[in-house]
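Letter by letter, the sequence shown follows residues 363 to 685 in our numbering.
See structure below.
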Amino acid sequence: MGVQPIIKVRDVAYPRLQVPDLDIMEAWLQDFGMARAERRDDRLFVRGSGTAPYVHVIHQGAPAFLGFALEAASRSDLDRIADSEGFSPITIIDAPGGGCRTATRDPLGLEVEVVFGIEAVAARGSLDPRPLNMGEQFQRIGATQRIKSGPSRIKRFGHLALNVRDPATTLAWYHARFGLLASDRVNVAPGMPVAIFTRCDRGTEPTDHHTMLFASDMASGGVSGLNHLSWEVCDIDDVHVGREHLAAKGRTHEWGIGRHLLGSQVFDYWRDPWGHIHEHWTDGDQFDASVAAGDHSIDIGAVSQWGPNMPATFGRTIAPKTA
Ligand SMILES: [Fe+2]
363 MGVQPIIKVR
373 DVAYPRLQVP
383 DLDIMEAWLQ
393 DFGMARAERR
403 DDRLFVRGSG
413 TAPYVHVIHQ
423 GAPAFLGFAL
433 EAASRSDLDR
443 IADSEGFSPI
453 TIIDAPGGGC
463 RTATRDPLGL
473 EVEVVFGIEA
483 VAARGSLDPR
493 PLNMGEQFQR
503 IGATQRIKSG
513 PSRIKRFGHL
523 ALNVRDPATT
533 LAWYHARFGL
543 LASDRVNVAP
553 GMPVAIFTRC
563 DRGTEPTDHH
573 TMLFASDMAS
583 GGVSGLNHLS
593 WEVCDIDDVH
603 VGREHLAAKG
613 RTHEWGIGRH
623 LLGSQVFDYW
633 RDPWGHIHEH
643 WTDGDQFDAS
653 VAAGDHSIDI
663 GAVSQWGPNM
673 PATFGRTIAP
683 KTA
């Protein structure tokens with residue numbers, strides 16, 4: 363891409379959803395692996411097990427995906443993007459951990475915040491992956507493997523996927539402002555991507571294969587907006603025990619467990635009570651900025667290397683029918 367971006371963001375920080383009942387959503391998020399950071403009359407901040415003071419913000423109101431936050435690499439980057447056309451003046455974030463923010467609207471009309479200086483908190487327990495004895499690599503000698511049942515240990519907010527009219531022009535918008543790079547494109551014809559997996563440009567420092575995924579809204583009946591939200595868990599056992607916990611609570615499963623092809627994550631997808639899709643994943647690919655974008659035909663076939671087939675409902679927010 364020839365355009366020099368205004369800044370290069372480091373990561374995503376949190377999404378913002380809006381739902382009519384914060385109590386019902388909080389109970390669901392606890393089953394998913396999150397804990398209350400702060401509750402106010404009109405909003406809820408929840409954290410995972412990691413060092414972010416919150417990884418999800420829930421507002422009270424009609425069901426909606428409001429937007430999300432990207433993390434600037436420095437205060438000077440925050441200043442630079444805030445001075446750019448279409449961005450709001452910098453304000454202090456009224457949320458746990460403080461920090462500063464600016465915001466704009468993306469081509470879909472979502473609020474895109476850029477944040478910096480949110481203070482980390484102590485992790486809730488260990489985030490270490492469990493030691494494994496596999497192949498010739500025995501990490502656990504003289505000790506047992508005992509998995510505590512319960513919700514997944516959520517390390518961080520990892521990525522989000524959006525359904526958009528045109529993935530290529532959407533990426534051009536995000537690249538010009540935030541430096542997002544294409545990791546893999548799935549093309550319906552040469553030069554016509556129907557999905558683009560994009561990552562942050564951290565130079566020589568590796569980062570997740572995808573931080574944002576832009577998918578053509580052809581697959582979602584022409585409806586743009588949220589495809590899914592995704593949190594990284596600590597290891598593969600967390601994907602499995604988290605699944606068992608959600609199932610035991612009678613939550614609505616969407617797709618998994620499987621291993622994706624592009625990005626390679628082991629994944630499991632669940633629907634919240636208003637039909638938004640939330641993902642648990644672990645063991646994704648790490649690319650630095652030198653890795654060239656891959657181009658794949660849509661005939662690449664499986665979106666996963668193993669696991670159940672993708673359901674036809676995947677990638678769309680489907681509100682449950684009310685009696
Ligand atoms: Fe995902």
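A virtual CB, placed ideally from N, CA and C, is assigned to each residue, including glycine.
Give me, in chain order, the residues of the same chain whose beta-carbon lies closer than 6 Å to that of Ala-544; leave out the 5 immediate sequence neighbours on both sides.
Apart from the 5 residues on each side of it in sequence, Ala-544 sits with its Cβ closer than 6 Å to the Cβ of Ile-558, Thr-560 and Ala-655 in its chain, given in chain order.
Report, in whole angstroms, the separation of the C-beta atoms of Arg-621 and Trp-668, which I expect to be a contact under 8 Å. 6 Å
What three-state label does DSSP hand Met-672 in the structure shown?
-> coil
Thinking C-alpha only, which one of Ala-581, Gly-584, Ala-551 and Arg-398 is nearest Val-419? The option with the nearest alpha carbon to Val-419 is Arg-398.
Check whether Ala-603 and Gly-512 have beta carbons under 8 Å apart: Per the sequence shown, the amino acid found at residue 603 is Val instead of Ala. Yes. Within cutoff.
- Relative to ligand 1, what is the chain-ordered list of residues with a Cβ closer than 6 Å to any of its non-hydrogen atoms? With 6 Å as the limit, the residues whose C-beta approaches a heavy atom of ligand 1 more closely than that are His-521, Ala-523, His-590, Ser-592 and Glu-641, in chain order.
*Taking Cβ to Cβ, would you say Arg-372 is nearer than 8 Å to Arg-564?*
yes
So, under 8 Å CB-CB, Thr-532 and Pro-469 are touching, yes? Tell me the CB distance rounded to an integer number of Å.
6 Å
Leaving aside the five residues before and after Asp-599 along the sequence, list all residues of the same chain whose C-beta is less than 8 Å from its C-beta, in chain order. Arg-492 and Ile-509
Point to revise | Coil, strand or helix - His-607 by DSSP | key: helix
Using a Cβ-Cβ cut-off of 8 Å (strictly less than) and excluding sequence neighbours within five positions of His-640, which residues of its own chain qualify? Phe-394, His-590, Leu-591, Ser-592, Trp-593, Tyr-631, Trp-632, Arg-633 and Asp-634
Indicate the three-state DSSP secondary structure (helix, strand or coil) for Arg-564 in the structure shown. coil
Count the other CB atoms, across all protein chains shown, that sit within 10 Å of the CB of Ala-712; report buried if there are 16 or more and exposed otherwise. Since the first residue shown for the chain is 363 and the last is 685, residue 712 is missing from the structure and cannot be characterised.
Which value, in whole angstroms, describes the spacing of the CA atoms of Asp-490 and Ser-411? C-alpha separation (whole angstroms): 11 Å.
Leaving out five residues on either side along the sequence, give the residues of the same chain with a beta carbon under 7 Å from the beta carbon of Arg-409.
Met-396, Ala-397, Ala-399, Pro-415, Tyr-416 and Val-417
Original post:
Mind checking whether Leu-542 and Thr-506 have CB atoms under 8 Å apart?
Top reply: no
Q. For Leu-575, which residues of its own chain have a beta-carbon under 8 Å away from its beta-carbon, when the five flanking residues on both sides are left out?
A. His-521, Leu-522, Ala-523, Leu-524, Ala-557, Ile-558, Phe-559, Thr-560 and Asn-589
On the CB-based measure, 16 or more other CB atoms within 10 Å of its CB, does Ile-369 come out buried or exposed?
buried
- Message: Judging by CA-CA distance, which residue of Phe-478, Val-474, Ser-659 and Arg-467 is the nearest neighbour of Asp-441?
- Response: Phe-478
- Can you list, in chain order, the residues of its chain whose CB lies under 6 Å from that of Ala-482, leaving out five sequence neighbours each side? Thr-413
**Neighbourhood of Glu-475 by C-beta distance below 6 Å, restricted to the same chain and skipping five residues each side** = Non-local C-beta neighbours of Glu-475 in its own chain, meaning closer than 6 Å and more than five positions away in sequence, comprise Ala-431, Arg-463 and Ala-465, ordered along the chain.
| request: Leaving out five residues on either side along the sequence, give the residues of the same chain with a beta carbon under 6 Å from the beta carbon of Pro-673. | output: These residues qualify, in order along the chain: Trp-617.
- Got a sec, what are the start and stop residues for the alpha helix (DSSP H) Glu-388 sits in? 384-394
In the DSSP assignment, find the beta strand (DSSP E) that holds Thr-531 and state where it starts and stops.
-> Element bounds for Thr-531: not the beta strand (DSSP E) but the alpha helix (DSSP H), 529-540.
Taking the alpha carbon of Ser-488 as the point to measure from, which residue in Val-595, Asp-647 and Leu-379 has its own alpha carbon closest?
Val-595
* **Cα-Cα separation, Leu-384 to Asp-404** => 8 Å
- Query: Hey, how far is the Cα of Pro-682 from the Cα of Lys-517?
  - Reply: 29 Å
- Query: Going by Cα to Cα distance, which pick from His-571, Gly-612, Glu-606 and Ala-609 is closest to Phe-649?
  - Reply: His-571
For this session: Please check the pair Pro-382 and Pro-425, which I expect to be a contact at CB under 8 Å, by giving their CB distance rounded to whole angstroms.
Result: 7 Å
Measuring only the C-alpha atoms, how far is Ser-652 from Thr-569?
When rounded, the distance between both Cα atoms is 11 Å.
Exercise. Thinking C-alpha only, which one of Phe-500, Val-548, Phe-676 and Ala-389 is nearest Leu-623?
Worked result: For Leu-623, the nearest C-alpha among the options comes from Val-548.
message: Under 7 Å: does the beta carbon of Gly-625 sit that close to some heavy atom of ligand 3?
response: Of the ligands one can find in the structure shown, namely ligand 1, none is ligand 3.
Contained beta strand (DSSP E) runs [length at least 3] in the stretch 452-502, N- to C-terminal order: 462-467 and 473-478
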